[in-house]
Amino acid sequence: MTGRTPRLSRLRRVVPEGRGGRPAETRAARPEQARGGKPRRRGAQPKVVALGGGMGLSASLAALRRITGDLTAVVTVADDGGSSGRLRDELGVLPPGDLRKALAALCGDDDWGQTWARVIQHRFQSQGDLHEHAVGNLLIVALWEQLGDHVQALDLVGKLLGAHGRVLPMSAVPLELQALVRGHDPERPDEVDTVRGQATVALTPGEVQSVHLVPNDPPAVPEAVDAVLDADWVVLGPGSWFSSVIPHLLVPDLLDALAQTKARRVLSLNLAPQPGETEGFSPQRHLEVLGRHAPKLALDVVLADEAAVPDRDSLTDAAKRFGAAVELAPVARTDGTPRHDPELLAAAYDRIFRMHGRIGPWR
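FYI, in the working numbering the residues of the sequence shown are 23 to 385.
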């Protein structure tokens, strides 16, 4: 475990019937077993895989690295804006930006970790071609070109940074996010248009109806699939719902792995709707659109900030459709901004893993 011990906060449990008609809480009382039925050594840290992208995934990783040293981030690769978009267009590489953010979030709290986190996040300011390029983006792309292997290069960057976990792309090919949006053109509020590009989808003034990837059946990185299958817990979200969270469910091999894994699955909801993508969305509507994109997805726990859920019964009903219990906990920063507090979020995850996991305490 890295960092300070998180403050254990009280969670409010809203427990529906689980899959098969059993109360969800009874599923936690299973023998200590790892994947494949083998006994797990008491005291072992949980294997956790976090799926997402951008600042939402970074928030989750900053919390999770405080409670486990066996952590893998699987990151979306559909970004087409900023430094990442420029490198993608010029060199034909995967967009490195969300991968860089994940690596920075996994850096330790000591001087080494925080120095390297600042270095790879540093953006050049100039009048030339380097303007707004992030140092970490250039480092990652340079290693991809040197080694010719996405995973090996990211592992090497993680080793350099002393990252407390591993970062993997969800696919080894650059992806384009496309969305059907009603009212993307404010002058035609009732028309549905196809909007192309993650950056454009994230800022649309219209209402996103659905998203898909191009190509529509991208190959998953094998190491990412293996990590999901071998995990004790898989965490999805928080983050930009249509451009960072849902895309993982549109990669067939990753979706199959989520269905087949023996891991418990927790969905972490956002603290507030995102202007553009999810303007006006309630917590339960986030679940509804998730279900429309992946109707066979099953979950075990839905985590939400207790202050961000005005209608708890509706959220509970929406979670039931996934077979999930709802856990409410204070996970937001106290400065009034819609950002997660790493220690509070760590405490919430820690409590969920203990309450709902099929393995015993690991600390």
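C-beta: ideal position from N, C-alpha, C; glycine also.
{"Item": "Since residue 116 and residue 180 should fall inside the 8 Å C-beta cutoff, what is the C-beta to C-beta distance between them, to a whole number of angstroms?", "Value": "Not confirmed; about 16 Å, so no contact."}
{"Item": "Could you work out which residue in 241, 246, 325 is closest to residue 369 when comparing CA atoms only?", "Value": "325"}
{"Item": "Under a three-way DSSP split, which group does residue 144 fall into?", "Value": "coil"}
{"Item": "In terms of residue numbering, what span does the alpha helix (DSSP H) encompassing residue 308 cover?", "Value": "305-315"}
{"Item": "Quick one: does residue 351 have its CB under 9 Å from some CB of chain C?", "Value": "No chain C appears in the structure shown, which is made up of a single protein chain."}
{"Item": "What residue ranges within the stretch 87-170 form continuous alpha helix (DSSP H) runs of no fewer than 4 residues, ordered along the chain?", "Value": "104-113, 119-127, 133-143, 157-169"}
{"Item": "Return the CA-CA distance between residue 193 and residue 175, expressed in angstroms with no decimal places.", "Value": "15 Å"}
{"Item": "Tell me, please, which residues DSSP counts as bridged to residue 204.", "Value": "214, 229"}
{"Item": "Tell me which residues share the same chain as residue 302 and place their Cβ nearer than 7 Å to its Cβ, disregarding the 5 neighbours each side in the sequence.", "Value": "295"}
{"Item": "Starting from residue 286, trace the alpha helix (DSSP H) both ways and give me its first and last residue.", "Value": "Premise fails: residue 286 lies in the beta strand (DSSP E), 286-290, not in any alpha helix (DSSP H)."}
{"Item": "Take the Cβ of residue 92 as the centre, count every other Cβ of all protein chains shown within 10 Å, and call the residue buried at 16 or more, exposed below.", "Value": "buried"}
{"Item": "Whole angstroms is fine: what's the gap from residue 289's alpha carbon to residue 178's?", "Value": "30 Å"}
{"Item": "Assign residue 213 to buried or exposed, taking buried as 16 or more other Cβ atoms, counted over all protein chains shown, within 10 Å of its Cβ.", "Value": "exposed"}
{"Item": "Return yes when the Cβ of residue 311 is within less than 9 Å of the Cβ of residue 268, no when it is not.", "Value": "yes"}
{"Item": "Assign residue 243 to one of three DSSP states: helix, strand, or coil.", "Value": "coil"}
{"Item": "Let me check one thing: in DSSP terms, what residues is residue 255 bridge-paired to?", "Value": "70, 286"}
{"Item": "So what does residue 327 bridge to, in DSSP terms?", "Value": "351"}
{"Item": "Might you give, ordered along the chain, the residues of its own chain that have their beta carbon closer than 7 Å to the beta carbon of residue 94, omitting 5 neighbours on each side?", "Value": "71, 187, 188, 190, 249"}
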